[in-house]
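Working notes for the structure below.
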Amino acid sequence: MERTLVLIKPDAFRKHYTGDIIKRYESEGFHILAMKMLKMTKELAAKHYAEHIGRSYYEDLEGFMTSGPIIAMVLEGEDAIGAVRRINGKTNPKEAAEGTIRRQFAESGSRNAVHASDSPENAAREIAIFFNATEIFD
Ligand code: CDP
Ligand code: MG
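Using our numbering, the first residue of the sequence shown is number 33, and each one after it goes up by one.
As structure tokens, then:
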């Protein structure tokens, strides 16, 4: 069993896709171990997206991610890190496969509905940014 951190980004929240996205993960068999709605501050964005600081798109990414509520979740399941990224689809919805969350719900390559951890190291790091032990039900 593996755990991964998922964020529902402000574009999807604004368009009322939150329920559809959560339902998709549940119907794929993942267990929700933790969930909260919050505002991503600039400080939180800098922690979560540390490897992107200084890149050409960072200011835009920071502005977007702090523009409205996000939902943070810890999902658990078999091969959760890889499986959730496959269900989310490629970063740009135009390149994302039919049936993926980004293909269905994302606005663009930057406003792309969801985030999911890309490695066990990042999953552990990102889960710890958003949740403390008492908020995770295992
Ligand atoms: O989210 P994912 O792991 O698929 O992509 P990433 O390359 O790690 O980039 C993180 C996030 O930064 C993306 O999901 C986009 O929201 C944003 N981004 C962007 O706005 N413009 C880019 N050229 C690349 C990424
Ligand atoms: Mg990434």
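Built from N, CA and C at the ideal position, the CB exists for glycine as well.
Closest residue to residue i among the options (Cα-Cα distance)
i    : options                  : result
T102 : N164, R35, S140 and P42  : It is Ile, not Thr, that sits at residue 102 in the sequence shown. Comparing Cα-Cα distances from I102 to each of N164, R35, S140 and P42, the minimum goes to P42.
H147 : Y81, D52 and R87         : Y81
Q136 : I53, N164, D150 and A115 : I53
T98  : A78, S88 and V116        : A78
G95  : K55, P125, M72 and T50   : M72
Limits of the unbroken alpha helix (DSSP H) element including residue i
i    : result
I159 : P152 to F162
DSSP three-state assignment for residue i, whether helix, strand or coil
i    : result
T166 : helix
T50  : helix
R56  : helix
I103 : strand
R35  : strand
G114 : helix
G109 : strand
Cut-off 7 Å between Cβ atoms - residues of its own chain near residue i, not counting five sequence neighbours on either side
i    : result
E60  : I119
A112 : E34, R35, T36 and F62
G100 : P42, F45 and R46
Y89  : S142
L93  : Y81, H84 and S142
Close beta carbons around residue i, own chain, < 6 Å, minus the five adjacent residues each side
i    : result
L65  : V106, E108, I168, F169 and D170
I159 : L37 and V106
I161 : K79 and H80
A138 : P125, N144 and A145
Bounding residues of the beta strand (DSSP E) (the contiguous stretch that carries residue i)
i   : result
P42 : Per DSSP, P42 belongs to no beta strand (DSSP E); it is in the alpha helix (DSSP H), P42 to R46.
K68 : H63 to K71
A78 : Element bounds for A78: not the beta strand (DSSP E) but the alpha helix (DSSP H), K74 to H80.
Ligand 4 heavy atom lying under 7 Å from the CB of residue i
i   : result
G61 : The model on display carries ligand 1 and ligand 2 but not ligand 4.
Nonlocal neighbours in the same chain, by C-beta distance under 8 Å from residue i, ignoring five residues either side
i    : result
T123 : R134, G141 and N144
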